[in-house]
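Here is the structure we will look at.
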């Protein structure tokens with residue numbers, strides 16, 4: 003039961019979920035959840051490497067990722 007408390011549910015729009023399913027098809031990710039966790043971890047890791055905040059290039063990359071995920 004302790005394992006269940008280690009995770010939470012995040013709701014996303016179904017059309018976005020369907021787009022993500024199409025994106026990961028044949029990519030090696032086991033699920034949309036695995037892909038989203040990877041993207042979020044990568045985003046957090048990228049932000050930690052920048053001591054003075056995000057520069058313009060990093061902001062553009064984040065915007066690109068968010069657009070590819072259907073958020074923008």
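In the working numbering, the protein residues as written are 3 to 74. We put the beta carbon where it would ideally sit given N, CA and C, even for glycine. Owing to the predicted nature of the structure, the values given are computational and were not obtained by experimental measurement.
- In this chain, the alpha helix (DSSP H) harbouring residue 60 covers 58 to 70.
- In this structure, residue 37 places its C-beta atom within 7 Å of the C-beta atom of residue 26.
- Boundaries of the alpha helix (DSSP H) around residue 21: 16 to 26.
- The shortest C-alpha to C-alpha distance from residue 48 to any of 71, 11, 68, 64 is the one to 64.
- Taking C-beta atoms under 8 Å as the contact rule, residue 34 and residue 22 qualify, at a distance of about 5 Å.
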